[in-house]
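Under the numbering used here, residues 3 to 940 are what the sequence shown spells out, in order.
Below is one structure, written out as C-alpha cells; comments come after it.
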Amino acid sequence: MKSTIKYLILLIIYLACSDTLQARDYVFRNIVMSDGLSGVLVNAIYKDSEGFVWLGTDNCLDRFDGVKVKHFEFRGIESGRKKRVNCIAETSNRQLWVGNGVGLWRLNRSNGELQRIVPEKIDFAVNTLLADNDVLYLGTEKGLFIQKDGQLIQIQTDPNVLAACNRVMDLCLNEDKSVLWMATVQGLFSYSLKDGKVSSWHFRENVPETDYFRCLTRIGETLYIGTMSQGVLRFDIQTSTFSHAPSLGCDVISDISGDGKENVYIATDGNGVHFLSHKDQCVTRSFCHDIRDKEGIRSNSIYSLLVDNRGALWVGHFQAGLDYSLYQNGLFSTYSFPPLFNSTNLSVRSFLNRGKEKVIGSRDGLFYINESTGTVKSFVRPVLTSDLILTVSFYEGEYYIGTYGGGMMVLNPQTLALTYFEEGDSELFHKGHIFCIKPDEKGNLWVGTSQGVFCYNKSAKQIKNYTSSNSQLPEGNVYEISFDSTGKGWIATETGMCIYDPASQSLRSNVFPEGFVHRDKVRTIYEDSKHNLFFIREKGSLFISSLTMDRFRQKSVLSTLPDNSLMSIVEDNLGWLWIGCNDGLLRMKDGEEDYDAFTFNDGVPGPTFTNGAAYKDENGLLWFGNTKGLICVDPKEVDELRGKVRPIVFTDIQANGVSITETSLKYDQNNLTFNFTDFAYGLPSALLYEYRLDGVDNDWKLLTAQSEVSYYGLASGDYTFRVRLPGNDQSEASCEVTVRPMVPWWGWGLIVVALVLIVLLVRYYLWKRLSTLVKSPALSPAEGQEENEHGFSEKQVCGDNNQEQPVEEKYKTNRLSETECKELYEKLVAYVEKERPYINPDLKMGDLAVALGTSSHSLSYLLNQYLNQSYYDFINDYRVAEFKRLVVDSKYSRYTLAALAELCGFSSRASFFRSFKKSTGVTPNEYIRSIGGTAKEE
Numbered sequence: 003m004k005s006t007i008k009y010l011i012l013l014i015i016y017l018a019c020s021d022t023l024q025a026r027d028y029v030f031r032n033i034v035m036s037d038g039l040s041g042v043l044v045n046a047i048y049k050d051s052e053g054f055v056w057l058g059t060d061n062c063l064d065r066f067d068g069v070k071v072k073h074f075e076f077r078g079i080e081s082g083r084k085k086r087v088n089c090i091a092e093t094s095n096r097q098l099w100v101g102n103g104v105g106l107w108r109l110n111r112s113n114g115e116l117q118r119i120v121p122e123k124i125d126f127a128v129n130t131l132l133a134d135n136d137v138l139y140l141g142t143e144k145g146l147f148i149q150k151d152g153q154l155i156q157i158q159t160d161p162n163v164l165a166a167c168n169r170v171m172d173l174c175l176n177e178d179k180s181v182l183w184m185a186t187v188q189g190l191f192s193y194s195l196k197d198g199k200v201s202s203w204h205f206r207e208n209v210p211e212t213d214y215f216r217c218l219t220r221i222g223e224t225l226y227i228g229t230m231s232q233g234v235l236r237f238d239i240q241t242s243t244f245s246h247a248p249s250l251g252c253d254v255i256s257d258i259s260g261d262g263k264e265n266v267y268i269a270t271d272g273n274g275v276h277f278l279s280h281k282d283q284c285v286t287r288s289f290c291h292d293i294r295d296k297e298g299i300r301s302n303s304i305y306s307l308l309v310d311n312r313g314a315l316w317v318g319h320f321q322a323g324l325d326y327s328l329y330q331n332g333l334f335s336t337y338s339f340p341p342l343f344n345s346t347n348l349s350v351r352s353f354l355n356r357g358k359e360k361v362i363g364s365r366d367g368l369f370y371i372n373e374s375t376g377t378v379k380s381f382v383r384p385v386l387t388s389d390l391i392l393t394v395s396f397y398e399g400e401y402y403i404g405t406y407g408g409g410m411m412v413l414n415p416q417t418l419a420l421t422y423f424e425e426g427d428s429e430l431f432h433k434g435h436i437f438c439i440k441p442d443e444k445g446n447l448w449v450g451t452s453q454g455v456f457c458y459n460k461s462a463k464q465i466k467n468y469t470s471s472n473s474q475l476p477e478g479n480v481y482e483i484s485f486d487s488t489g490k491g492w493i494a495t496e497t498g499m500c501i502y503d504p505a506s507q508s509l510r511s512n513v514f515p516e517g518f519v520h521r522d523k524v525r526t527i528y529e530d531s532k533h534n535l536f537f538i539r540e541k542g543s544l545f546i547s548s549l550t551m552d553r554f555r556q557k558s559v560l561s562t563l564p565d566n567s568l569m570s571i572v573e574d575n576l577g578w579l580w581i582g583c584n585d586g587l588l589r590m591k592d593g594e595e596d597y598d599a600f601t602f603n604d605g606v607p608g609p610t611f612t613n614g615a616a617y618k619d620e621n622g623l624l625w626f627g628n629t630k631g632l633i634c635v636d637p638k639e640v641d642e643l644r645g646k647v648r649p650i651v652f653t654d655i656q657a658n659g660v661s662i663t664e665t666s667l668k669y670d671q672n673n674l675t676f677n678f679t680d681f682a683y684g685l686p687s688a689l690l691y692e693y694r695l696d697g698v699d700n701d702w703k704l705l706t707a708q709s710e711v712s713y714y715g716l717a718s719g720d721y722t723f724r725v726r727l728p729g730n731d732q733s734e735a736s737c738e739v740t741v742r743p744m745v746p747w748w749g750w751g752l753i754v755v756a757l758v759l760i761v762l763l764v765r766y767y768l769w770k771r772l773s774t775l776v777k778s779p780a781l782s783p784a785e786g787q788e789e790n791e792h793g794f795s796e797k798q799v800c801g802d803n804n805q806e807q808p809v810e811e812k813y814k815t816n817r818l819s820e821t822e823c824k825e826l827y828e829k830l831v832a833y834v835e836k837e838r839p840y841i842n843p844d845l846k847m848g849d850l851a852v853a854l855g856t857s858s859h860s861l862s863y864l865l866n867q868y869l870n871q872s873y874y875d876f877i878n879d880y881r882v883a884e885f886k887r888l889v890v891d892s893k894y895s896r897y898t899l900a901a902l903a904e905l906c907g908f909s910s911r912a913s914f915f916r917s918f919k920k921s922t923g924v925t926p927n928e929y930i931r932s933i934g935g936t937a938k939e940e
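Structure (C-alpha cells):
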C-alpha cells in the first residue's frame, strides 16, 4: 500500500512537471553565416510544398535543404535595408513569391533568379503575403492588393494612401474564406470578399500606440493578434470584443501562427518562443535562451517563427541566425521511467527486460526499475567494486550481475540487497572478470570468466570449473556461452570455440569441420527461428551455420561496412534480422537483398551499439543497448513509416564546379557533382545514402554524413546517376546526363570518308608511278651507275657501308651523340607541351618513347645522362606547372587540392605534395597564399 501511494505521489509530480520535461525533447541546431547563411538576421521562414525551407535575411533569399544553403539575390537594389525579406509564400502552381522593402518578387525556377513583379504598381514595401490556392493576397505599405486570374486589384482601408491604417502587416482568412482579416499599425480591419465591405476595430479608441498590430492568426472564431506594446490580444469574431491572452513576459510580439485547432505559436522580441493552448488559455511550452543549455535556442530576440507540418520548430533570430529543432520520426524511443529514471546518454552494456521489471547494466553502474511498484534503485561504487557491468542474467528468482574487475554479484529483487556470489573461487568472484552468464534448461547457471567456465547448480549447491588444463576449453577469457534449441552449449573464448555435450557432460573442441570459425574470436552467438546459428566475430563478416554444422557460410551484411563493426543481433516476429554495429543499426533478411539502415533521424540517439545487447520481449518489441541509452522499437511500424518516404530531390548538378540546367554536356564538361536531399532536417552527421552511376559503378556505394557525390574525368557517353536511402527503392531518384564526344558521330563519318579518299589517291599515285616506270627503257650499267675517283661505283660504296652498320650499332647502344640528344630533346619538349600527355596518371616512359618514335633506352639516356633528371621528375615538373595554371583560373576555383591534383595527372595526394614541394620549395597552399589566393581544403 505504501509503495502504491509513493508511486501515485511521484506520478502527480511528473504530471505537474510534464511541460518542462517535454520541452527538453527539442534539440536545436544553429545555422549562421559560416554554415552558408547570407546574414545573421532571419526575418521570414517558409517551407514550400516540395520540402525546402526558405529563409528571408537582411539582404537575400536563402534556400535550406537540411545541409546546404543556396542564395538567391535581389539584383538592382542599392539599399541594403530595402533588401530585407519580409514575407515568403507559394501559390498552388508552385510559384514562389517574396516581399521585401522595394516590392514583390517571384522566383524563376528555370534559371534560379528572382524577378521583380509589377514594379510600376508596387514600388514600396510588401509586409505580408497570403496564398490561397492560386490567389495571392499582399499586405503592403499602401494597402491591400489581390492578385487573381492575372489581375492585380488594390484595396485601401482609408482614401488617404499615406494613412497609417493602410500599412497592412499581416493577413488571415476566416473559416469559409469569405472575409479577409488585416492587422495594421492602426487597428484590426476586415475585408469582405463577397461585397468588398471594409470594417475596423480598435483595442483602445484614440490610443494609437495600442493599435500597432504586427501579426495575426486564427483558431476557430478567435483571432490572436501580436502587438508591439500590448502582448497578445484575443479578438472574438462573433462578439467583436478584445481581451488579453496570458502574459508571456514580453509585450513585443514579432510573429504568431497556429495549427488551426488548439495551439498558438508565439515569438517575442525579448523572451523567446511560447506555445499557447487555445482551449485552456495557458502557456504549455516555452523556449528561452539559457547559456547553460547547449542544445537550446541561441537568443531571446526572435524575428520569425515556423512550426512545420512535422512539428519541427524553426526560429529566426535578430543577430543569431537560424535555430531549428532536429527532426526525428519517432520510430525508436529511448527508455525512461519518468520522473525517476531516464537512460538517455547512459552507455548501456547489458540489460534484462522482464516486463515491468528491468535491470540495466552500464559503464556507470547498475540500475533496477520496477514499473509496477514505482521502485528505482541505482548501484554504484562503493557498493559495486566495479561500475562496468558486462552481463546480467535471471536465475532462480535472483539477478546475477557480471562485472569487469569486480567479480559477480547477486541482486535480490524483493529486498534489493546486492551481495557477492560466495560459491567457488572467492578471489575470482569478488575481483575477477565475469564476461557472460547464461542459464540452461536443466537448472544450471553457466558463467564465463577470465579463469574458465563455471557450471553452478543452486539446488544441488554444486559448482564445477572447466579450464583449458582439465578439458578441451580453448585458452583465454570466455566471452560467450549460448545454448541452442537442442540443448547443446556453444562456448567462445579468446582463442577459439568448443561445444558442451550434455550427454557426456564434457567440452569438445575437435568436432568442428574444416573452414568453420572455431579458431576465431567469437563475441556473440544467436539462433534464429529457422534454427540457423549466427556468429559475430571480433574480425570478419557474419558467419551462419546449421545446428549440425553440415552447412555454413559467410555473409557480408553490407559491402561497405568494415569487418569489425558487428556488435549484436536479434530477430523480430516478421523474420527480419536486426544487427547493431559500432556505426549504426541495420535490418536484413537472410537470403534476400532487402535491408534498411536506421540513424538519428529515426530516433536512434547514437551510432554505436554495444556487444551482445539485443533482446526481443514478449510483445515483439526489440530492445538494444546503445552508448546513448537503452532504445526500443516496434518492428511493425517500420514498413508503414518507410512507405511514407518521398523520393530524394536533386538540389544542384554541377559540371566543372558550375551549376547546369542542361544535361547534355560538352566533352570537357566531364567533372560532375550531384547534390541532393531527402529533407530529413536532422543531424547532418547522421545522413546515410546509397548511390551509383550506371556505366561507372557496378554496385551501390554507401555515403555517410554527406549529400553530394563527385565524379572526375568521365569519358563521353550516357550516364544515369541514382541515389536512395539505404535499401529503400521508394526513395530512389535518378538523373540522366550525357557527355558528348569531342568529335560527333557525323564528324567521325567525315574523317572516315577523308581517309578513304586519301588512301585511294595514294593508291592512284603509286599506280601511275609504277606504270611510268614499266613503260620507260632499261638503263645501261654505264648510264645507271657512275664511278667515283677511286673507280668504285656509288652502289658498291653503299653496299660496303651497309655491311659495316651492324658492327657500329653494336658499340653505340650505350650512348647518343650531342646532336642526337639535342634533336630528341627538342622533339620531346614540343610533343609534351602540345599534347599534354602528363595529365594521364598512368603515363609510362614506354608510351612516351612510342609517341616520339624512339626507344625507351634512348629516352632514358636523354633524361638521365643529358638532362641529369629522372623520368618522373621531368613529367611531374609539367604537372606542377599545370597546377599553377589551373589554380589561377576562376573556372576551377571551387575545386579542392585533391581534385586539382587529379586533373593535373598526379595519381595520389602524397606524390602531388612531394613533387610540388620538391619543385617549388613550398606547399601548395603556401604557394596559393603567396599569389594572393585563398587556401584550399586539403
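Backbone N, C-alpha and C define an ideal beta-carbon position, used for all residues, glycine too.
When the options are compared against residue i, the one with the closest alpha-carbon
i, options, result
"residue 326", "297, 334 and 352", "297"
"residue 639", "334, 632, 340 and 105", "334"
"residue 138", "152, 126, 125 and 144", "152"
"residue 513", "498, 525 and 524", "498"
"residue 32", "322, 895 and 270", "322"
"residue 292", "416, 397, 272 and 538", "272"
8 Å contact criterion, which residue i and residue j should meet: CB distance rounded
i, j, result
"residue 933", "residue 890", "7 Å"
"residue 191", "residue 159", "5 Å"
"residue 299", "residue 66", "Contact flag wrong, Cβ pair sits at about 17 Å."
"residue 484", "residue 527", "4 Å"
"residue 128", "residue 105", "6 Å"
Under 8 Å between C-beta atoms of residue i and residue j
i, j, result
"residue 390", "residue 356", "no"
"residue 599", "residue 686", "no"
"residue 615", "residue 350", "yes"
"residue 433", "residue 454", "no"
"residue 304", "residue 262", "no"
"residue 830", "residue 839", "no"
Helix, strand or coil at residue i [DSSP, three-state]
i, result
"residue 698", "coil"
"residue 458", "strand"
"residue 298", "coil"
"residue 156", "strand"
"residue 383", "coil"
"residue 930", "helix"
"residue 373", "coil"
"residue 177", "coil"
"residue 514", "coil"
"residue 896", "coil"
"residue 764", "helix"
"residue 31", "strand"
"residue 803", "In this prediction, residue 803 scores a pLDDT of 40, lower than 50, which makes its location untrustworthy; the coordinate-derived value is nonetheless stated afterwards. Helix at residue 803."
Backbone CA spacing between residue i and residue j [nearest angstrom]
i, j, result
"residue 474", "residue 511", "6 Å"
"residue 287", "residue 64", "29 Å"
"residue 875", "residue 59", "52 Å"
"residue 324", "residue 545", "48 Å"
"residue 610", "residue 718", "43 Å"
"residue 460", "residue 681", "57 Å"
"residue 636", "residue 624", "6 Å"
"residue 841", "residue 524", "49 Å"
"residue 447", "residue 534", "24 Å"
"residue 494", "residue 451", "11 Å"
"residue 348", "residue 632", "8 Å"
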